[in-house]
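Chemist: Listed in order, the protein sequences are those of chains Y and E. Residue numbering for the first sequence follows the working numbering, beginning at 351 and increasing consecutively. Residue numbering for the second sequence follows the working numbering, beginning at 16 and increasing consecutively. I'd like to ask you about the structure that follows.
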Amino acid sequence: MENELFTIDSSMVDWSRAQFALTAIYHWLFVPLTLGLAVIMGIMETIYYRTGRDFWKRTAQFWQRLFGINFAMGIATGIILEFEFGTNWSNYSFLVGDVFGAPLAIEGIVAFFMESTFVAVMFFGWKKVSRGFHLASTWLTGLGATISAWWILVANSWMQYPVGQEFNLDTMRNEMVSFVDVALSPVAIDKFCHTVISAWVLGAVFVVGVSSWYLLKRRHVEFARQSMKIGAIVGLVASVLAAVTGHHSAYTVGQTQPMKLAAMEALYNGGDDQSLTIFAAVNPFAQPDWKNEHEPPMRIAVPYALSFLATNDLHGYVPGINDIINGYDKSDGEYEVPLSEKMVRGSYALTAMKAYREAKRDGRNNELEVLASEFQENMPWMGYGYVKEAEQIVPYIPICFWSFRIMVGGGCLFILLFCAILYFLYRKKSPRWLFHTALWCIPVAYIVSECGWLVAEFGRQPWTIQDMLPTWVGVSALQSSSVMITFFLFLVLFTTMLAVEISIMCKQIKRGPEL
Amino acid sequence: MMTYEFLQHYWCAVVALLAALLVFLMFVQGANSQIFELGKTADERRLLINSTGRKWEFTFTTLVTFGGAFFASYPLFYSTSFGGAYWLWMLILFSFVLQAVSYEFQNKLGNLLGTRTFQTFLVINGIVGPVLLGGAVATFFTGSNFIVERDNIMNEATPIVSQWANASHGLDALLDPWNVVFGVAVFFLARLLGNLYTLNNIEDDTLMRRNRRALLWNTAVFLVLFLAFFFHIMTKDGYVYDPATGVVSMEPYTYFNNLFGSWPLLALFLVGVIFVLLGVGGTFLWKAKDGSPFRGGIWPAGIGTVMVVVSLLLTTAYFNTCYYPSNADLQSSLTMQNSCSSEFTLRTMFYVSLLVPFVLAYIVYAWRKMDQKRLTHEEVNDTESEAY
Chain Y
351 MENELFTIDS SMVDWSRAQF ALTAIYHWLF VPLTLGLAVI MGIMETIYYR
401 TGRDFWKRTA QFWQRLFGIN FAMGIATGII LEFEFGTNWS NYSFLVGDVF
451 GAPLAIEGIV AFFMESTFVA VMFFGWKKVS RGFHLASTWL TGLGATISAW
501 WILVANSWMQ YPVGQEFNLD TMRNEMVSFV DVALSPVAID KFCHTVISAW
551 VLGAVFVVGV SSWYLLKRRH VEFARQSMKI GAIVGLVASV LAAVTGHHSA
601 YTVGQTQPMK LAAMEALYNG GDDQSLTIFA AVNPFAQPDW KNEHEPPMRI
651 AVPYALSFLA TNDLHGYVPG INDIINGYDK SDGEYEVPLS EKMVRGSYAL
701 TAMKAYREAK RDGRNNELEV LASEFQENMP WMGYGYVKEA EQIVPYIPIC
751 FWSFRIMVGG GCLFILLFCA ILYFLYRKKS PRWLFHTALW CIPVAYIVSE
801 CGWLVAEFGR QPWTIQDMLP TWVGVSALQS SSVMITFFLF LVLFTTMLAV
851 EISIMCKQIK RGPEL
Chain E
16 MMTYEFLQHY WCAVVALLAA LLVFLMFVQG ANSQIFELGK TADERRLLIN
66 STGRKWEFTF TTLVTFGGAF FASYPLFYST SFGGAYWLWM LILFSFVLQA
116 VSYEFQNKLG NLLGTRTFQT FLVINGIVGP VLLGGAVATF FTGSNFIVER
166 DNIMNEATPI VSQWANASHG LDALLDPWNV VFGVAVFFLA RLLGNLYTLN
216 NIEDDTLMRR NRRALLWNTA VFLVLFLAFF FHIMTKDGYV YDPATGVVSM
266 EPYTYFNNLF GSWPLLALFL VGVIFVLLGV GGTFLWKAKD GSPFRGGIWP
316 AGIGTVMVVV SLLLTTAYFN TCYYPSNADL QSSLTMQNSC SSEFTLRTMF
366 YVSLLVPFVL AYIVYAWRKM DQKRLTHEEV NDTESEAY
């Protein structure tokens, strides 16, 4: 049945994307600090439990107070994200809810209840429960948050690398056929490790930065030095691990989402022995002419590094955007068909689907098997049946390119920062320039963290689910004006609350620990 | 034993249970809606906020888990209701965002908007949350205006499966007076549960007196509205489907037949009603062992609420009834059969759901530990208490 009130308008798709991006960006401002501080304050409270020194209890309490201020905003933005799958991406919810809904439900049952039960004990239970139970509650709060991250990243990874499902022509949706494939896909494992560890880095930068402020002001010196030491050790270990898991992630992207990697590198034409771009003059405000340019201007690159990053082989073949569009031979010898053929096969899939539905409706059961097999043959390219031109499948290169560089550059900077902090702490010196740097690294860490999200999600465009469902097929049947209004409502609400949170955080930090 | 049909019924019951727990846990909203009525001084308001503030995350988490479980087990409902009734759900979510930050921010230095603003946000959530959630649930009986057409996926211009049949996107639900009646009934139920919870959780004679007075009024209004809605749904036509063909039709007295024709559901409903009445009545009539007024009414009333809500929700879904009926296109109505996930997903999720008793056990343990002593002014004003 046709609804004459509604036709898809491209601005509605863009507003829906903008609203989801807005919510996710705000959500990701708060979650990394929650994950990172959970580890650091857990370590501090463990020291208190083992030594019985009141100093460590006060230290843990101070960071827990900051954790609490931040925690509420993470929850508030998180609930919106979950429901936006339904409100703004209803077609997506129907088509893949059978697969995608399960991790979200498990997240609620396994992780959220753990988090919400024990966070109350952590905050209000100091005088109500034993020291051991309190310590367990602190760690369980962090564990709950981490398990939550696992399941939401399983869901997200499935959008990047859909496995463990089959399309059912009778129900007209994707259905899960292997839970293990979904829950333990290599993309999910890489993504979880890299994301959670990078959150620990952000938490560590926050602790080191705030501690630096006290040292610059010469207040709470012992508290600040001890916090800084723990923060820097956690930060250094996490930064190195983030580099390792980052390499794994890049390799997985190279194997599963070559267009994302090409956009991250502004690699228009690929080949063997590819170098990794350190810098190139990619205009941040315009999509480059990837069809006609050979490579971005003023390119400075490290020889062979991209081949190594993407294939674990210095001479490995990395496809560029034009190769992906025109077809290329993959490293395993298989031929990756050109976009034009994918579009034809996608159309075949949609045509076979239509024929199957009509045959079923008319009771021509003898035709169903042939039509189903024709559909399944072309199903991997079904999403391309909705694509009209090559430009549609190329992500916005400037965002992917610059975000990737800021993320990697920031990660390297933090390794240096933590090394320097530990060196000077060991030498019992207090260089003010380093403390100033550490303080300014707090906003840098947030920018770096958000850039990681931008790389992952912008690089997936235009797909809601890689190669399967473009954004314009996943949306809800809404007017763009409705989504625009809610976008601005959330923008005002989240921004106001962020301003309040920063103001409260600053006041709490100025007030300092109650030692 | 674990047939597809069993799994569909099982997950329907789980979702109904989560919805019922959510209604019970909305005592947080109910108490918050009365912050300025019960708390005449800043100290009293702080005591009330700290009392509900130690439980708000359970309500929030139950709402999220309810959404997740519904998504996983009935994805077509998730896409149809959330994507269709956009404004209704957005208003609900907006109010819950206000609540989530208000506890933490309201009493902190540097909160920019002032304590009273955040307390007002709590009141707004306390009113809007239960009224709109109640209104949304009432549409399970009264129907909504949507169209479902799976074959739209093949339409490249408008490939959307579920569409709302008018431009109001869910606000039309509030034009049906019975949805409003039920929404307001849920609001007063939340208020009376809020009274019972704070009576049990706070040690303050003045608040206790005001709570008991408010409890009486809230219960009276709730009973009038609930009985009116109950009478309406018991006498109205229902939306039923033929399990063999899936064809939907209207049938007189469907919900009456479903409830009174199934003794387990009827027993659940009646015992639940008795428990709610005992919870409220006992607060006025019974004495504790030490001769003081009985203050544990939240437990029988809470358990009773869960039982009543589960039984009513199951009357909308079991016995070949359409749990999410469409008034715009009767054949688009959602049933347990046509909107649920695949057998594989439901079975996988069944195994996950076996963790629920373990989850409930640690919640009960932690809750008991934290609520061993009632909340006092001294505890809230203790600088080490981390109170809101």
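A virtual CB, placed ideally from N, CA and C, is assigned to each residue, including glycine. Nothing here was measured: the structure is a model prediction, and the numbers come from that model.
1. Compare the C-beta of W476/Y against all C-beta atoms of chain E and say whether one is closer than 8 Å.
2. Per the DSSP calculation, R523/Y is bridged to which residue(s)?
3. Which residue marks the beginning of the beta strand (DSSP E) containing Q178/E, and which one marks its end?
4. For P748/Y, which of helix, strand or coil comes out of DSSP?
5. In chain E, what lies closer than 8 Å to M423/Y by C-beta?
6. Using a 10 Å radius around the Cβ and a threshold of 16 neighbouring Cβ atoms, would you call F299/E buried or exposed?
7. If you drop the 5 nearest sequence neighbours on each side, which residues of the same chain put their C-beta closer than 7 Å to that of V823/Y?
8. With C-beta atoms as the reference, is T814/Y less than 8 Å away from W378/Y?
9. Please say whether V532/Y and W508/Y have beta carbons closer to each other than 8 Å?
10. Taking the CB atoms as reference points, tell me whether T360/E and M526/Y lie closer together than 8 Å.
11. Any chance you could list the alpha helix (DSSP H) runs of at least 4 consecutive residues sitting entirely within the stretch 779-858 of chain Y, in chain order?
12. From which residue to which residue does the beta strand (DSSP E) around F39/E run?
13. What does the Cβ neighbour count give for P866/Y, buried or exposed, with the cut at 16 atoms within 10 Å?
14. With 8 Å as the threshold, decide whether the Cβ of L22/E is near any Cβ in chain Y.
15. Ignore the nearest five residues each way along the sequence and tell me which others in N353/Y's own chain have a CB closer than 6 Å to its CB.
16. Step through the CB atoms of chain Y and report whether any lies within less than 8 Å of the CB of G129/E.
17. What are the residues of the stretch 241-260 of chain E that lie near chain Y, defined by any Cβ-Cβ distance shorter than 8 Å?
18. Check whether the stretch 88-99 of chain E touches the stretch 478-495 of chain Y, taking contact to mean three or more Cβ pairs, one atom from each stretch, closer than 8 Å.
19. So, using beta-carbon positions, are V288/E and G261/E closer together than 8 Å?
20. Distance cutoff 8 Å, beta carbons only. Does E119/E sit that close to anything in chain Y?
21. Tell me the start and end of each unbroken beta strand (DSSP E) in the stretch 457-525 of chain Y that is at least 3 residues and wholly inside, in chain order.
22. Is there a Cβ from chain Y that is less than 8 Å from the Cβ of W278/E?
23. Return the residues of the stretch 364-378 of chain E that lie within a Cβ-Cβ distance of less than 8 Å from chain Y, sorted by chain order.
24. Does V321/E get closer than 8 Å to chain Y when you measure Cβ to Cβ?
25. Please report the straight-line C-alpha distance between T384/Y and A709/Y, rounded to a whole angstrom.
26. Indicate whether at least one CB of chain Y lies closer than 8 Å to the CB of S94/E.
27. Along the beta strand (DSSP E) that carries T173/E, what are the first and last residues, could you check?
28. Classify E393/E as helix, strand or coil using the three-state DSSP reduction.
29. Please name the residue in M847/Y, S697/Y, Y667/Y, L700/Y whose C-alpha comes closest to that of E684/Y.
30. Anyone know if the C-beta pair for Y212/E and A46/E falls short of 8 Å?
31. Going by DSSP, what residue range makes up the alpha helix (DSSP H) through M362/Y?
32. Taking C-beta pairs closer than 8 Å, name the residues in chain Y that S357/E reaches, listed in chain order.
33. In the stretch 587-662 of chain Y, which residue ranges form an unbroken alpha helix (DSSP H) of at least 4 residues, counting only runs that do not cross its ends?
34. Determine the chain Y residues that contact P90/E at a beta-carbon separation under 7 Å, and present them in chain order.
35. Measuring alpha carbon to alpha carbon, tell me which residue in D187/E, M249/E, K302/E, A402/E is nearest Y101/E.
36. With DSSP collapsed to three states, give me the class of P9/E.
Modeler: The short version:
1. Yes, W476/Y lies at the interface with chain E (some Cβ there is under 8 Å from its Cβ).
2. DSSP lists N518/Y as partners of R523/Y.
3. 177-179
4. helix
5. For M423/Y, the chain E residues whose C-beta falls within less than 8 Å of its own C-beta are A115, V116, listed in chain order.
6. Per the 10 Å Cβ criterion, exposed.
7. N441, Y736
8. no
9. Yes.
10. yes
11. 782-808, 821-824
12. That residue, F39/E, is in no beta strand (DSSP E); its alpha helix (DSSP H) goes 19-40.
13. Chain Y is shown from 351 up to 865; residue 866/Y falls before or after that span and cannot be answered.
14. False, the Cβ-Cβ gap to chain Y never drops below 8 Å.
15. Any answer about N353/Y is weak, because its pLDDT of 47 lies below 50 and its placement is not dependable; what the coordinates show is given next. Excluding residues within five positions, none has a Cβ falling inside 6 Å.
16. no
17. none
18. no
19. no
20. Cβ-Cβ to chain Y under 8 Å: yes for E119/E.
21. 515-518
22. Not one beta carbon of chain Y lies nearer than 8 Å to the beta carbon of W278/E.
23. M364, V367, S368, L370, V371, V374, Y377, I378
24. no
25. 54 Å
26. yes
27. No beta strand (DSSP E) holds T173/E; DSSP gives it neither H nor E.
28. helix
29. Y667/Y
30. yes
31. 360-401
32. D448, N518, T521, E525, M526
33. 608-615, 655-661
34. S443, F444, G447, D448, G451
35. Comparing alpha carbon positions, the residue from D187/E, M249/E, K302/E, A402/E closest to Y101/E is D187/E.
36. Here chain E has residues from 16 to 403 only, and residue 9/E is not among them.
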